[in-house]
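Student: Here full-length UniProt numbering is used: the first residue of the sequence shown is 1, the next is one more, and so on. Cβ atoms here follow ideal geometry from the backbone N, Cα and C, with glycine treated the same way.
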Amino acid sequence: MEALLPIIVQAVTGILGGEAIGSVVKKAAMGHGAKILSGIIGGVGGGALLSGMGGDAGALSGLLGDAIGGAVGGGVLTGIVGAVMGAMNKS
1 MEALLPIIVQ
11 AVTGILGGEA
21 IGSVVKKAAM
31 GHGAKILSGI
41 IGGVGGGALL
51 SGMGGDAGAL
61 SGLLGDAIGG
71 AVGGGVLTGI
81 VGAVMGAMNK
91 S
C-alpha cells in the first residue's frame with residue numbers, strides 16, 4: 001500500500017490540475033473524459049519526474065512533492081492536449 005499511495009495522490013491532484021486548466025482555457029475543445037485522462041497521465045508523470053529530481057532529502061519529498069508534481073503535471077499536459085485538440089478542430 002505504501003507504494004500505491006504516491007500514485008493515487010499524483011493521479012488525484014493531476015485530475016484537479018487538469019480540471020483547473022481546462023476550466024480556465026475555454027478554447028480547448030476537450031470533453032470531460034479527455035481532461036480527466038490527461039490529468040491522470042500528466043499527474044503521475046509530473047509527480048514521478050519531480051520525485052526523481054528531488055530525491056528523498058528535498059523539501060518537496062513525500063506526499064507534498066507528489067501533490068505538487070501531480071497538479072503541475074496534470075495541468076501542463078491538459079493544457080498541451082487542449083491546445084492540440086483546439087488546433088485540430090480549427091483546420
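Considering just the uninterrupted stretch of the alpha helix (DSSP H) at Glu19, what are its terminal residues?
Tutor: Where Glu19 is concerned, the enclosing alpha helix (DSSP H) stretches over Leu5 to Val24.
Student: Leaving aside the five residues before and after Glu19 along the sequence, list all residues of the same chain whose C-beta is less than 7 Å from its C-beta, in chain order.
Tutor: The residues are Lys35 and Gly39.
Student: Does the beta-carbon of Met53 have 16 or more other beta-carbons within 10 angstroms, so that it is buried, or is it exposed?
Tutor: Met53 should be labelled exposed.
Student: For Met88, report the span of its alpha helix (DSSP H) as first-last.
Tutor: Unbroken alpha helix (DSSP H) run through Met88: Gly62 to Lys90.
Student: Taking 8 Å as the threshold, find out whether the stretch 81-89 comes into contact with the stretch 62-69 through three or more Cβ pairs.
Tutor: Too few Cβ pairs lie closer than 8 Å, so no.
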